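Respectively, the protein sequence lines represent chains A and B.
Sequential numbering from 82 applies to the first sequence in the numbering used here.
Sequential numbering from 84 applies to the second sequence in the numbering used here.
Glycine is no exception: its CB is placed at the ideal position from the N, C-alpha and C atoms.
Bear in mind that the values here come from a model prediction, so they are computed numbers and not experimental data.
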Amino acid sequence: MSFLELRHVAKIYGEGPTQVQALQDVSMSVEAGELVAVMGPSGSGKSSLLTIAGSLEEPTSGHVLVGGATLSKLSRAEKARLRRRTIGYVFQDFNLLPGLTAVENVSLPLELDGLTARKARAVGIQALDELELTEQAERFPDELSGGERQRVAIARAIVGNRKLVLADEPSGALDSVTGETVMRMLVAACHRGAATVVVTHDAQLASWADRVVFIRDGRIVDQTMPPASPESLLQSGPNQ
Amino acid sequence: MSVRHALLALLSEGPKYGLQLRQEFEERTGEVWPLNVGQVYTTLQRLERDGLVESDDAEDGPQKGFQITADGQGELDSWLRTPPDLSLPPRDELVIKILVAWRVPGADVHEVIQVHRRYLVELMQQWTRLKEDEAQFDLSFALAVDAELFRLDSVVRWLDTADGRFRRARSEPATPAAPAMPRLRRRVGVRR
C-alpha cells in the first residue's frame, strides 16, 4: 500500500498577472520502503511538491494522503502531530538550530512530541551512533563540517523511526563522496521501511532511487522503469 | 589499457611467473577492463625482445619467471603520465540526434531529450546498484564504476543544458544565426 499519495495536486502562487502555477495535476505515490527521486531543473516545481507532500504547505487543489490519512481532513493539531512523529525533513541548508548541540538538534523533535529530555537524548545518541557521529554529539553546528552537519540533519529527520522522509537537494554543496554517504543513509532508512522522496537536479544522487520521476513546468512528464540487473553491465565492461 | 602496460604494471610490483601474471591479469582486469588473456604470453615475448622485461632461463610457458627492467619501469612511468587524446570532440551520435531533432518539423526536441535522459538515468541506476553492496566493492572497481557514473552524468548535464537553451531560444526573438566554427561543425558530423 502506498504510504504517500498525491492525487491531482495543483499549486498556484500569487494572483492575476503575477500568478505562478507551480504544480499542475500531479499524481504520484510512494510505497513504504521505496526511495523515489524527483528530478527537474530549478523552478520546475519539485520543492513545492516536497513541501506539499510534507504538509508544510497546502495544495490549491487536489489531495495528499500520508499513511492513508487525507491531510485536508486533519485538524491543525493532527497535522502538527503527523509532522512531529511521522515525517522527517532534510533541507539543503541543513536547518540545524545553531544554539543546540548535534544531539540536542536530533532529540528536539522527540522532546517536542512529549518524550522526557533524558529519553529523547538517549534515542538521539543512539541515532548518532548508528550514523557514526558519536564523537560529534556534543558539538555545535558551527563546529561541524558541511558533511557532518548534513548527516546530523538526516539523523534528526529519521530519528524515532519516521515513516516518511522528505529530502530537498540533500547533498547540495557537498562533495560527491559525502553526497554518496548521505544517499546511503537515506537508502538505509528505506530498508527500515521508510517511504522516502528526494528532490534533486543531480542524476548521480537520483540514481540511488528505486524510481526516478521527472518533473517539468510543474508536471510529471516521465519516470524510469525498474532498473535491470547490473550484471549485464559487467559482461561487456565499461570500456566496451 | 593495453595488455603491454597492464603486464608492466603487474611486474612493477616484483618478479612473477608467466602463469601468475596470467592469473593476476584476469583477476584484476577481468571485470572492469576485459582484455584478451590469450595475448599474455606473446606480449611477454615482445616486451623481452624490446628490453622492457627480463626472463629467467626456464623454458617458455607458465613456469618462466619475468621481471621488469629499468627501461620497462621508464616506459610504465611515461605511459602513466601521458594524457590520452581527449582534445578532439568525438562524433557523438547523441549530440547529432538532438541537433537534428531541433530542426525536424513535428519533432518535439524536449521529448526527444527526455527519452535520452531517462535512458541515461536508468543506466546510472544500474551502475549505482553495483555500489550498494560495499562488502563486494574493492577500490579499483569502485573507481571504475565512479568513472562510468561521472561520464553518464556529464551527458545528462549536457542534455539539461540543451533543454534550457532550446527553451530560451524558443522564447526569445529569432536572430540571424551566426555561422558556427567550420571545424567544430565537421567534428560533430553536421553537414551544412
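Cross-chain neighbours of residue i in chain A, by beta carbon under 9 Å
i, result
"residue 210 (chain B)", "288, 311, 314, 319"
"residue 103 (chain B)", "The premise fails here: residue 103 (chain B) is roughly 23 Å from chain A at the closest Cβ pair, so nothing lies under 9 Å."
"residue 91 (chain B)", "Within chain A, no residue comes near residue 91 (chain B); the closest Cβ sits about 19 Å away, beyond 9 Å."
8 Å Cβ cutoff, residue i in contact with chain B
i, result
"residue 122 (chain A)", "yes"
"residue 306 (chain A)", "yes"
"residue 221 (chain A)", "no"
"residue 263 (chain A)", "no"
"residue 151 (chain A)", "no"
"residue 172 (chain A)", "no"
"residue 84 (chain A)", "no"
"residue 90 (chain A)", "no"
"residue 249 (chain A)", "no"
"residue 117 (chain A)", "no"
Within-8 Å CB hit, residue i to chain A
i, result
"residue 236 (chain B)", "yes"
"residue 205 (chain B)", "yes"
"residue 169 (chain B)", "no"
"residue 273 (chain B)", "Confidence at residue 273 (chain B) is low in this model, with a pLDDT of 47, below 50, so its placement is unreliable and no value can be given for it."
"residue 201 (chain B)", "yes"
"residue 197 (chain B)", "yes"
"residue 130 (chain B)", "no"
"residue 135 (chain B)", "no"
"residue 213 (chain B)", "yes"
"residue 87 (chain B)", "no"
Among the options, nearest to residue i - alpha-carbon criterion
i, options, result
"residue 147 (chain B)", "B:185, B:159, B:103", "B:103"
"residue 86 (chain A)", "A:302, A:296, A:283, A:277", "A:277"
"residue 197 (chain B)", "A:113, A:121, A:116", "A:121"
"residue 329 (chain A)", "A:272, A:266, A:273", "Since the first and last residues shown for chain A are 82 and 321, residue 329 (chain A) lies out of range."
"residue 130 (chain B)", "B:142, B:140, B:156, B:250", "B:156"
"residue 299 (chain A)", "A:84, A:115, A:131", "A:131"
"residue 249 (chain A)", "A:175, A:147, A:146", "A:175"
"residue 237 (chain A)", "A:211, A:261, A:224", "A:211"
"residue 147 (chain A)", "A:164, A:141, A:158, A:288", "A:164"
"residue 279 (chain A)", "A:170, A:233, A:255, A:214", "A:170"
"residue 194 (chain A)", "A:220, A:235, A:243", "A:243"
"residue 88 (chain A)", "A:109, A:123, A:173, A:162", "A:109"
"residue 138 (chain B)", "B:255, B:159, B:99, B:185", "B:99"
"residue 309 (chain A)", "B:229, B:203, B:223, B:226", "B:203"
"residue 133 (chain A)", "A:199, A:93, A:261", "A:93"
"residue 172 (chain A)", "A:229, A:252, A:140", "A:252"
"residue 142 (chain A)", "A:206, A:105, A:149, A:185", "A:105"
"residue 280 (chain B)", "B:88, B:252, B:153, B:145", "Because chain B here runs from 84 to 275, residue 280 (chain B) falls outside it and cannot be looked at."
"residue 149 (chain A)", "A:157, A:307, A:167", "A:167"
Residue i and residue j closer than 8 Å at C-beta
i, j, result
"residue 305 (chain A)", "residue 209 (chain B)", "no"
"residue 103 (chain A)", "residue 129 (chain A)", "yes"
"residue 246 (chain A)", "residue 275 (chain A)", "yes"
"residue 191 (chain A)", "residue 183 (chain A)", "no"
"residue 151 (chain B)", "residue 94 (chain B)", "yes"
"residue 323 (chain A)", "residue 83 (chain A)", "The structure shown does not extend to residue 323 (chain A), since chain A is modelled only from 82 to 321, so the question has no answer here."
"residue 211 (chain B)", "residue 288 (chain A)", "yes"
"residue 199 (chain B)", "residue 249 (chain B)", "no"
"residue 127 (chain B)", "residue 108 (chain B)", "no"
"residue 263 (chain A)", "residue 297 (chain A)", "no"
"residue 119 (chain A)", "residue 127 (chain A)", "yes"
"residue 86 (chain B)", "residue 136 (chain B)", "no"
"residue 291 (chain A)", "residue 115 (chain A)", "yes"
"residue 236 (chain B)", "residue 203 (chain A)", "no"
"residue 255 (chain A)", "residue 227 (chain A)", "yes"
"residue 145 (chain A)", "residue 152 (chain A)", "yes"
"residue 227 (chain B)", "residue 159 (chain B)", "no"
Where residue i meets chain A, residues with beta-carbon distance less than 8 Å
i, result
"residue 232 (chain B)", "285, 288"
"residue 163 (chain B)", "Within chain A, no residue comes near residue 163 (chain B); the closest Cβ sits about 18 Å away, beyond 8 Å."
Listed by chain order, chain A residues near residue i by CB distance under 7 Å
i, result
"residue 222 (chain B)", "Near residue 222 (chain B) there are no residues of chain A at all, since even the closest Cβ is about 13 Å away, more than 7 Å."
Under 7 Å from the C-beta of residue i: neighbouring residues of chain B
i, result
"residue 106 (chain A)", "Here the premise fails: no neighbours, minimum Cβ distance about 18 Å."
"residue 256 (chain A)", "In chain order: nothing, as chain B lies at least about 12 Å away."
Per-residue contacts from residue i into chain B (C-beta, under 9 Å)
i, result
"residue 295 (chain A)", "197, 200, 201, 204"
"residue 302 (chain A)", "193, 194, 197"
Check: residue i C-beta below 7 Å from any heavy atom of the ligand ADP
i, result
"residue 160 (chain A)", "This structure simply doesn't include the ligand ADP, nor any ligand for that matter."
Check distances from the C-beta atoms of the segment 239-258 of chain B to those of chain A and list, in chain order, the residues that come in under 8 Å.
If the cut-off is 8 Å between Cβ atoms, the segment 239-258 of chain B has 239, 240, 243, 246, 247 near chain A.
With 9 Å as the C-beta to C-beta threshold (strictly closer), list the residues of the segment 266-285 of chain A near chain D in chain order.
Within the model displayed, chain D is absent; protein chains A and B are what it includes.
Counting only Cβ-Cβ distances shorter than 8 Å, please list the residues of the segment 172-186 of chain B near chain A, keeping chain order.
Listed in chain order, the positions of the segment 172-186 of chain B with a beta carbon within less than 8 Å of a beta carbon of chain A would be empty, since no residue qualifies.
Scan the segment 187-217 of chain A for residues whose Cβ lies nearer than 9 Å to a Cβ of chain B and list them as they occur along the chain.
Nothing from the segment 187-217 of chain A brings a Cβ to less than 9 Å from some Cβ of chain B.
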